[in-house]
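First to last, the protein sequences are chains A and B. Just so we're aligned: the first sequence equals residues 1 to 355 in my numbering. Just so we're aligned: the second sequence equals residues 1001 to 1355 in my numbering. Yeah, the Cβ is synthetic: ideal placement off N, Cα and C, and Gly gets one too.
There are 2 protein chains.
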Amino acid sequence: MAQALRLAERGQFTAHPNPMVGCVLVRAGEVVGEGWHRVAGEAHAEINALNAAGKNARGATAYVTLEPCSHHGKTPPCVDALVEAGVAEVVVGIEDPNPRVNGKGLTALADAGIRARVGLMQGDVAKLLSGFISRVTRGKPFVRLKMASSLDGCIAMASGESQWITGAEARADVQRLRARSGAVMTGIGTVLADDPSFTVRDASLDIGDKQPIRVVLDNDLRMPLSAEMLALPGKTLVYCINDTKQKALKEAGAEVVRVEQNEGQVDAALVISDLARREVNDVLVEAGPALAGYLVSNGLVDELVIYQSPHIMGSETMGMFRTPLWTELSDRKTLDISDIRRVGADTRITARVMD
Amino acid sequence: MAQALRLAERGQFTAHPNPMVGCVLVRAGEVVGEGWHRVAGEAHAEINALNAAGKNARGATAYVTLEPCSHHGKTPPCVDALVEAGVAEVVVGIEDPNPRVNGKGLTALADAGIRARVGLMQGDVAKLLSGFISRVTRGKPFVRLKMASSLDGCIAMASGESQWITGAEARADVQRLRARSGAVMTGIGTVLADDPSFTVRDASLDIGDKQPIRVVLDNDLRMPLSAEMLALPGKTLVYCINDTKQKALKEAGAEVVRVEQNEGQVDAALVISDLARREVNDVLVEAGPALAGYLVSNGLVDELVIYQSPHIMGSETMGMFRTPLWTELSDRKTLDISDIRRVGADTRITARVMD
């Protein structure tokens, strides 16, 4: 199953909106076939493994990270293929959270006389598929907020000066986060200040044509028609409250969506739901303190990824989160830290935001 | 030598101002005696190890963390005792940085026909003795600045509300830092806000009667006569620029020292030098953002120890360092992080402050 997980991970930049899946066929203690799912429309992991195994699949045990499908989607059901190949046993990481499958695959296997077990390394599989699971069970993507700060929590000088807070390794790591995300979200303030492209530029990351959607929260459509991201391949989605300027922006290449306001701003919860409808599993937020504070205050961040540089920047600076309504210590948010590691000279801290 | 280091560490709360030293005697592959230095005036590590070994010391190899002394201090020279016991070889971690010894012990051993080597695990020994080495070679103690903050670099709400930023394990760890320090330094602002005692309260830490000296930087002697620390066992040193109120404070139990000003404040560099004259090896600073920022800005901090709690506190807060003169990114200080570890739910980061 550990090997099936590693295979699944190979689809991390391309499989979405489908789940990453890996499959290993073992017969008499030997691996006879391996497969993983690369991209929607192409063969599922099980089929690739069965094809690799050929006749050796007969009597084998299949280790699959995710419950095999029993329905006709873009490809025929994997359960049928496993039955037909004569697989003796199927060991599954987690049940498919997709309501169209959810246990039906396991039932179909049992009905065909194949032993089926579920739950092996389920924690690791669920972590790998957090975006997919979030979308199909909660109707919203997994929202990951990335920030770069000094050790004393500063993201820029008060003047705005902020280039290269973190090192090259941390920035390369962010490229990987982007490449794994269906969308990168920011606020109009960041667009006006930095004119970011938010594309995956690291050629060693094989994303195919899957540049993440650029998502900008822009109450009154202040987005410049000359913004870098509008000229790049892939889609730019601009969410606003007031769409009177939408025509020019559409002509410049953006898709403009009007949503309701919350606290006088684009309601980010509605944006996040809309991204689930657009089949985005994972959203990476790369934003300034205003949007970061708003999202954390409103319980809209699932995971924080902080790159902390080994510097003290002091008091004449900008902090990480603008939270004007938090006046008492009890207003603070508690984090559940899942990982701390060095990335070059910086420290990467990964944490869930608790309620 | 690793065992000698562990023995040396047993003196961490009591040996200062003397260095912590450990000694292991090995003959024919077997440990025949161990010793460590507990407190100034009592026997040195070598003597304790020789006493434990008795006749078995003859022909043994002595592993000693620090070069044995060859001069008469409060106790007779260890070199003489090693020679007399018939030790065959002496392996030393580092030469004694104390100019009264510094190589003389090794020379004396060689003159007596004993093989003497130096440098085994010298990095670890030097780290253990950083305070002692700093005092005898630089004329100032090793200055360790401890801070507790949230993950976003906040030490309190803007209102000052700040109790229990970090957890019980982190606070217990701070007790150990205090117990290892000859002095705990703070600013008058912290005294007025929190009325701290700065004593070692953890009874499991065997400090004997060695409560660290309390050191308060207090320009105009605003220290209340009712301050908690004045009533406690041990010494309270108050450094001021203007000593007109010193009489009452002395009567309340403080020692008052007038020093020159720097940037309108008590010159902390002079205070630190004065503490070296008082035989303080290690100073622990537990202070607010004003003194922390002043010390870091003026290059007076050797090591930062930050306890980072898993919380986001937001923008209506106080930052870690007040640095009014740092207006550009290039003013920031770079840290060399030597250790990151979890302490309960918090993360402890230990770092050197680079120039």
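Item	Value
Chain A contacts from the stretch 1186-1212 of chain B (Cβ-Cβ distance under 9 Å)	none
Proximity winner among B:A1008, B:N1281, B:F1013, relative to L1205 of chain B (alpha-carbon distances)	B:F1013
Secondary structure of N1018 of chain B, DSSP reduced to three states	coil
Contact between the stretch 1179-1193 of chain B and the stretch 1283-1292 of chain B (3+ Cβ pairs under 8 Å)	yes
Inter-residue spacing [alpha-carbon to alpha-carbon] between T244 of chain A and L1335 of chain B	50 Å
I165 of chain A in three-state terms, based on DSSP	coil
Residues near V101 of chain A in its chain [Cβ-Cβ closer than 7 Å; skip 5 each side]	E67, C69, S70, H71
Contacts that R322 of chain A makes with chain B (C-beta to C-beta distance below 9 Å)	G1314, S1315
9 Å Cβ cutoff, H1071 of chain B in contact with chain A	no
For G86 of chain A and V215 of chain A, the rounded distance between their alpha carbons	47 Å
Closer than 9 Å to chain B by CB, A60 of chain A	no
Collapsed DSSP secondary structure at R1222 of chain B in the structure displayed	coil
I1340 of chain B: contacting residues in chain A (beta-carbon distance under 7 Å)	I340, T347
For L325 of chain A and S297 of chain A, the rounded distance between their alpha carbons	9 Å
Residue-chain proximity (T1334 of chain B, chain A), Cβ-Cβ < 9 Å	yes
Cβ-Cβ distance between T1347 of chain B and A1158 of chain B below 9 Å	no
Three-state secondary structure assigned by DSSP to S1309 of chain B	strand
Neighbourhood of A1168 of chain B by C-beta, 8 Å cutoff - its chain only, sequence neighbours within 5 removed	G1344
Whole-angstrom distance between C1023 of chain B and W1036 of chain B, CA atom to CA atom	6 Å
Contact belief for I1312 of chain B with K140 of chain A at Cβ below 8 Å, rounded distance in angstroms	About 21 Å separates the two Cβ atoms, so there is no contact after all.
Given G1361 of chain B as reference, the closest of B:A1172, B:A1052, B:V1256, B:L1230 once Cα atoms are compared	With chain B covering only 1001 through 1355, there is no way to say anything about residue 1361 of chain B.
Min CB distance T327 of chain A to chain B below 9 Å	yes
Sub-9 Å separation of A193 of chain A and G93 of chain A beta-carbons	no
Opening and closing residue of the beta strand (DSSP E) in which E1251 of chain B lies	Note, E1251 of chain B: premise wrong, no beta strand (DSSP E); alpha helix (DSSP H) at 1246-1251.
8 Å contact criterion, which A88 of chain A and T61 of chain A should meet: CB distance rounded	6 Å
Contact set between M157 of chain A and chain B, taken where Cβ atoms lie within less than 9 Å	W1326, T1327, E1328, L1329, D1331, R1332
Segment contact, 8 Å Cβ cut-off, at least three pairs: the stretch 1098-1116 of chain B with the stretch 116-127 of chain A	no
Local conformation of E328 of chain A per DSSP, three classes	coil
According to DSSP, residues forming a beta bridge with E416 of chain A	No answer is possible for residue 416 of chain A: the residues shown for chain A start at 1 and end at 355.
Alpha-carbon to alpha-carbon, R341 of chain A and A1351 of chain B	15 Å
For R176 of chain A, three-class secondary structure by DSSP	helix
Under 9 Å from the C-beta of V1296 of chain B: neighbouring residues of chain A	I312, G314
For N1262 of chain B, the residue or residues it bridges with in DSSP	B:Q1265
Assigned secondary structure, R1346 of chain B (DSSP; H/G/I helix, E/B strand, else coil)	According to the sequence displayed, residue 1346 of chain B carries Asp and not Arg. D1346 of chain B: strand per DSSP, three-state reduction.
Reference I349 of chain A; option with closest CA among A:E303, A:K210, A:Y63	A:E303
Option nearest P196 of chain A by Cα separation, candidates A:V353, A:K210, A:M229	A:M229
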